[in-house]
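*Asks:*
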Amino acid sequence: MSAPPTTMRLATPRPGEEIDRARSFTFTWNGRTIAAFPGDTIVSALAASGERVLSRSYKYHRPRGVLTASYHDPGCFFQVGDEPNVRGAHRLAEPGMDVHSQDTWPSLRFDVKAVNQLAGRFLGPGFYYKTFIKPQRLWPLYERVLQRFVHAGHVPPDTPRVTVDKRYAHPDVLVAGGGPAGMAAAAAAAAAGASVLLVEEEYRLGGHLRWGGDADLAALRELRELVAGTPGIEVLTNSVVAGRYDGNWIAVVRRGLPGGAEQLIKARARMLVVAPGLIERPYVFAGNDVPGVMLATAARRLINLHAVKPGRRAVVLTANAEGDAAVADLREAGVEIAGVVDARTGGDLVRVHGHRGVRAVEVAGGDTIECDLVVTAVGWTAPTALLNMSGDQPTYDPRAARFFPGALPEDVLATGGIAGDGTRDQLIGHAEAAGREAARRAARQRSQTRAMLPAHANGHGGSWPPADEQPVRLPELPVDPHPELFRASTHGMVDFCEDVSSKDLVTAIGEGYDSIELAKRYTTATMGPTQGKLEVVNAVAIAAQATGRTIGETGTTTWRPPYAPVTLGALAGRPWEPVRYSPMQPWHESHHASPLIAGAWIRPDRYGDPAAEVAAVRTKVAVIDVTPLGKLDLRGPDVPNLLNLLYVNKWSKLEIGRVRYGVMCTEDGVVFDDGVTGRLGPEHYLMSTTSSGAAAVWEWLENWLQTTHPDWAVHVTPVTTAYASMNVAGPASRELLERVTEGVDLANEAFPYMQVRTGRVAGADGCVLWRIGFTGELSYELHVPAGYGLHVWETLMDRGADLGIVPFGVEAQRILRLEKGHFIVGQDTDGLTRGFSAALDWAIKLDKTDFVGKPELAWQNADGGGPRLVGLQPDDGTVVPAEASQIVEGQRIVGRITSSRMSPTLGRSICLAQVEPRLAKPGTQVTVRLPAGRRIPARVCEHLAHFDPDGSRMRV
Amino acid sequence: MMLIRCPWCGPRGAAEFHYIGEFKPRPDAQSVTSADWRDYLYVPANPSGPVTETWYHRMGCRRFFNLERDTLTNESRAVGEGIR
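In the order they appear, the protein sequences are chains A and B.
To convert, note that position 41 of the first sequence is 41 in this note's numbering; the numbers rise steadily by one, no gaps.
Here this note's numbering runs 956 ahead of the position in the second sequence, where the first position is 1.
#1: Looking at Arg814/A: is its Cβ nearer than 9 Å to the Cβ of Ile824/A?
#2: For Ala1001/B, would you say it is in contact with chain A, using Cβ-to-Cβ distances shorter than 9 Å as the test?
#3: Using 10 angstroms around the beta-carbon of Lys1021/A, count the other beta-carbons present and answer buried if the total reaches 16, otherwise exposed.
#4: Measure the C-alpha to C-alpha separation of Ser692/A and Thr28/A and round it to an integer number of angstroms.
#5: What does Pro171/A reach in chain B if we use C-beta pairs closer than 8 Å?
#6: Hey, is the stretch 296-312 of chain A in contact with the stretch 182-191 of chain A, meaning 3+ C-beta pairs nearer than 8 Å?
#7: Is Glu749/A buried or exposed, if buried means 16 or more other CB atoms sit within 10 Å of its CB?
#8: Say whether chain B places a C-beta atom closer than 9 Å to the C-beta of Tyr203/A.
#9: Taking the C-alpha atoms as reference points, what is the distance between Met610/A and Ile910/A?
#10: Tell me whether Glu200/A is buried or exposed, calling it buried when 16 or more other Cβ atoms sit within 10 Å of its Cβ.
#11: Is Lys520/A close to chain C, meaning its C-beta is less than 9 Å from at least one C-beta of that chain?
#12: May I ask which residues mark the beginning and end of the alpha helix (DSSP H) holding Tyr909/B?
#13: Check whether the Cβ atoms of Arg9/A and Ala307/A lie closer than 9 Å to each other.
#14: State the start and end residues of the unbroken alpha helix (DSSP H) segment that holds Leu453/A.
#15: Would you give the residue range spanned by the beta strand (DSSP E) that Met797/A belongs to?
#16: Starting from the N-terminal side, write out each stretch of the alpha helix (DSSP H) that is 4 residues or longer and does not extend beyond the stretch 707-773 of chain A.
#17: With the cut-off set at 9 Å, would you say Val870/A and Ser900/A are in Cβ contact?
#18: Helix, strand or coil, according to DSSP, for Asn1022/B in the structure here?
#19: May I have the straight-line CA-CA distance separating Pro949/A from Cys941/A, to the nearest angstrom?
#20: Lys309/A by DSSP, collapsed to three states: which one?
#21: Span of the beta strand (DSSP E) holding Leu226/A?
#22: Between the C-alpha atoms of His460/A and Glu498/A, what's the straight-line distance to the nearest angstrom?
#23: Tell me Phe77/A's beta-bridge partners as DSSP assigns them.
#24: Is it buried or exposed for Met738/A, if we count other Cβ within 10 angstroms and need 16 for buried?
#25: Under 6 Å Cβ to Cβ from Trp601/A, same chain only, skipping five residues before and after it: list those, please.
#26: To the nearest angstrom, how far is it from the Cα of Pro963/B to the Cα of Val378/A?
#27: Should Gly279/A be labelled buried (16 or more other beta-carbon atoms within 10 Å of its own) or exposed?
#28: What's the call for Ile233/A, buried or exposed, on a 16-neighbour Cβ count within 10 Å?
#29: From Arg1025/B to Gly977/B, what distance separates their C-alpha atoms?
#30: Between Thr26/A and Asp82/A, which are expected to be in contact by the criterion C-beta below 8 Å, what is the C-beta distance as a whole number of angstroms?
#31: Identify whether Val648/A lies in helix, strand or coil by the three-state DSSP scheme.
#32: Within a Cβ cutoff of 6 Å, which residues of the same chain sit near Val719/A, ignoring the five residues on either side of it in sequence?
#33: Among residues of its own chain, excluding the 5 on either side of Lys980/B, which ones have a beta-carbon nearer than 7 Å to its beta-carbon?
#34: Could you give the DSSP three-state label for Ser987/B: helix, strand or coil?
#35: Confirm, please, whether the CB-CB distance from Ser733/A to Tyr788/A is below 9 Å.
#36: If we ignore side chains and look at the alpha-carbon of each, how far apart do Ile509/A and Ala544/A end up?
Now the structure itself:
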């Protein structure tokens, strides 16, 4: 099928046109072939082909066309291939592109959902809060209906995944905006020695000079050459500054990577120069959203950049030089000027006639003029977003009808149209001064940073010019008066994206939502893709008028990042999930261990049947990999002081070779961590912590040593990953270790329970062995220098084969420790469990002078408050209550199950539970409420341990 | 993200640090009343304006230090080691 004739393309080239007439190509639009040149945007090519209706609006599905012909054009969001919400007035057309309008059915031309317009009275402002609510049982139906009307494109599930790494940048000066001011500032800053990052939203530098007259185009050429010829400037086009955060931490989104991907650049800039120019504002009047109504900048872009006639017969409402220039450009493009309405002398528009396209416009004072194009130039909005994000509160100047920067922080400067008016030379002069001043301040920051660093960091390579103390004076820019034109005598669209009219705003205010923040949220005005750029000032002006206040008094809504839309892919970047394995991991994998994710660690959960593993520990010998166990090497004369301070029990008299169990509480008395610490030498200890607490306990120790006892001589070295740790447990564990250990007498009398030795295991020197008993059997915990971990493990498995050795995993260990009533911090305790609620009465030595948690623990002891940890067994031993099942009395919760398993050793279910103190007496019957609601009886046990409460099995 | 000035490493992004809390001298645990102790634990001054707080340079020099930060502007300066 051949392309429709490009009836609106100008035959005579425009001086500044950006299309390459020598090469043409085609793309499809809703299945039809459209002709284009390189340099056309999707919209300019469609306009050249005479297409007028480009989309349907969000709520009412009104036909829409070109309004701004820029990135933000609300009528130009398209589906391109598998990419939704493409900004069609920004995106360059490419050969073979498959472009579709979004959210229209069955077609753009005839959209059934336009029926919404008839339901207009039911879709008034705030209808989200008033409809689709009752009856509630119909919500699944409402959801299906609403999904049909969701106004967004379509992402096919098989869209290929593109990963784009984020980038970090550290420019001295980041210039946001590549128009004349931005280019001049960037060049001046770079010439003064600064490294510059220049970010421009459009595909090319130049800003409004690109669609200007001959003088503008000459200045454009000069400035482009200047930027290209000045070293030290990195230029990013088709990129946007999305947000500015504390300390000039700036998010830049680079668009246009293959596959529609974007890249997030995180920049820490010493100075930010904000040069975003001004955004032209639409006029609010009846029919202002009909295709054929557009801004002066839109008409000039189409004509001057793309050589496209925006219409055949135009009426122009002008209040400024842009509008006047638009009239001239329209004439040059052969558009018949049917009327020029000058707002400076009181002219105004009343309403546009037409639905799918402009047919005529009614001018204030009488005439209705037939035309197909209405161009408005009623004023400018300052896009102050980056300034607001810098902490500035821009102020409104009624004389100029726009907002101006207020007080900026030291690290931000504003230049260009946002700072003031004046001739092109005046603005460029201001920008040059801003660039030089930005470079000066960046240099000063750099010296100040240097001065903060320790003396030996003198910097390497490259000299930096000394910071000039004399600030560069920024010239004063004139501010031109401009009439305040927001709304005509009729009501029209304010937020084109969200389909909010001025009437909606007035209605909302009448309903009581009379602050701009409330009116915004109730009507959703400024909450669409343009985020206020085209609509906030009109909305504020209308709100001001409706409440009898000034614009200054009404204020604006908050400009928040991101300034422009960002894909989730850019924010995600490359997924980065570091994983930690013990040295024995290859053995676990080849022996079919089920992996357990424990924080960043992968641990073997089980190798087969945990019950069989439990049996092996209780009757033969088995070994578990416990490498993630936190280990801290402590050295120095003051280690006992540290242990006494942080543990609840006493540590002054721990002899060399002995091990003690300790519990740490925080200053609120809450159980924080537990572990065993052994003394390896006169001033040498090895502390173990829980696996998940390893990092936190290290930080805890450093905290107390640095902030409270810098006078103590203690060195702390984390050795969690320096050692591979394994626990050899079971009645035959001594026999096995005797076969592989040298230098340690393993006999019970020589190496009793709760003692530590060092020696050689399986030929590896420097191993630490301690006899402790988490599982309740005779067991030795080995800490092997990590490089030998796998070798020692394999040796144990080999030399223990005839003893029936098997590996056991975390699940079996959980069962074993529960049989012995050993609590796990964070499982049987929570963020409120103070020491006496974890059955630690025996450990907490309140007669110590001071230790962390003592005050609260002393008060808990005195008032007996808080739950108690008890062993619990359901009467029916076949029922294993789910962990966290509640313990109830009638409708009151009096406790909960904290740990629960089927015990293979006892052949019945066993639990630990937290209960109110009055229910903690052994023999007390309680009621457990299972998650499905059933209640079962259970009894408080004599001890926490369900098996071998005397602990005799560990001491053999 | 805001810049935190470590006394040893200079200004670094806040993500390198762990915020410990508002700096409060620890009351004498022997003689403190429960009301004063809970005030110490749970009631920060939380001013609008400058506040002294303790930070830990977790991904840097691993020193604890005190910082005076303006809660309105997030500008800050180190005020020495974090000794209580």
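By construction, the Cβ of each residue, glycine as well, lies at the ideal position given by its N, Cα and C atoms.
*Replies:* In terms of the structure at hand:
#1: Going by C-beta atoms, Arg814/A is nearer than 9 Å to Ile824/A.
#2: With 9 Å as the cut-off, Ala1001/B does not count as an interface residue toward chain A.
#3: Residue coverage of chain A in this structure runs from 1 to 956, which leaves residue 1021/A outside it and unanswerable.
#4: Answer to the nearest angstrom: the Cα atoms are 57 Å apart.
#5: Ordered by position in chain B, no residue passes the 8 Å Cβ test against Pro171/A, which lies about 16 Å from the chain.
#6: Between the stretch 296-312 of chain A and the stretch 182-191 of chain A there are fewer than three C-beta pairs closer than 8 Å, too few to call the two in contact.
#7: With fewer than 16 neighbouring CB atoms inside 10 Å of its own CB, Glu749/A falls in the exposed class.
#8: For Tyr203/A, no Cβ of chain B is located within less than 9 Å of the residue's own Cβ.
#9: This sequence places Pro at residue 610/A; Met is not what is there. Computed Cα separation, rounded: 16 Å.
#10: With 16 or more other Cβ atoms within 10 Å, it is buried.
#11: Among the chains of the structure shown, chain C does not appear; the protein chains present are A and B.
#12: This structure cannot speak to residue 909/B, because chain B is shown only from 957 to 1040.
#13: With contacts defined as CB atoms closer than 9 Å, Arg9/A and Ala307/A qualify as a contacting pair.
#14: Bounds of any alpha helix (DSSP H) do not take in Leu453/A, whose DSSP letter is neither H nor E.
#15: No beta strand (DSSP E) contains Met797/A, which is instead part of the alpha helix (DSSP H) from 789-799.
#16: Residue ranges of uninterrupted alpha helix (DSSP H) with 4 or more members, entirely inside the stretch 707-773 of chain A and ordered along the chain, are 733-740.
#17: Cβ atoms of Val870/A and Ser900/A: not closer than 9 Å.
#18: The answer is strand: DSSP assigns Asn1022/B an E or B state.
#19: Cα-Cα distance, rounded: 11 Å.
#20: Three-state result, Lys309/A: coil.
#21: In the DSSP assignment, Leu226/A falls outside any beta strand (DSSP E) and lies within the alpha helix (DSSP H) extending over 214-229.
#22: The pLDDT assigned to His460/A is 49, lower than 50, so where the model puts this residue is not dependable; a value taken from the coordinates is nonetheless given after this. Per the coordinates, the alpha-carbon of His460/A lies some 55 Å from the alpha-carbon of Glu498/A.
#23: Residue pairing by DSSP places Phe77/A opposite Arg87/A in a beta bridge.
#24: The sequence shown places Glu at residue 738/A, not Met. For Glu738/A, the number of other beta carbons within 10 angstroms of its own is below 16, and it is reported as exposed.
#25: Result list for Trp601/A: Arg580, Pro628, in chain order.
#26: Roughly 54 Å separates the two Cα atoms.
#27: Note on residue identity: the sequence assigns Ile, not Gly, to residue 279/A. Classification of Ile279/A: buried, given that the 10 Å Cβ count is 16 or more.
#28: Ile233/A counts as buried, since at least 16 other C-beta atoms from the protein chains shown sit within 10 angstroms of its C-beta.
#29: If you take the alpha carbons of Arg1025/B and Gly977/B, they lie about 12 Å apart.
#30: So it is not a contact: roughly 20 Å between Cβ atoms.
#31: Judged by DSSP in its simplified three-state form, Val648/A adopts coil rather than helix or strand.
#32: When the five nearest sequence neighbours on each side are left out, the beta carbons in the same chain lying within less than 6 Å of the beta carbon of Val719/A are those of Lys631, Asp633, in order along the chain.
#33: Here the set comprises Tyr996.
#34: DSSP places Ser987/B in the coil class of the three-state scheme, outside both helix and strand.
#35: Going by C-beta atoms, Tyr788/A is not nearer than 9 Å to Ser733/A.
#36: Straight-line Cα distance between these residues: approximately 10 Å.
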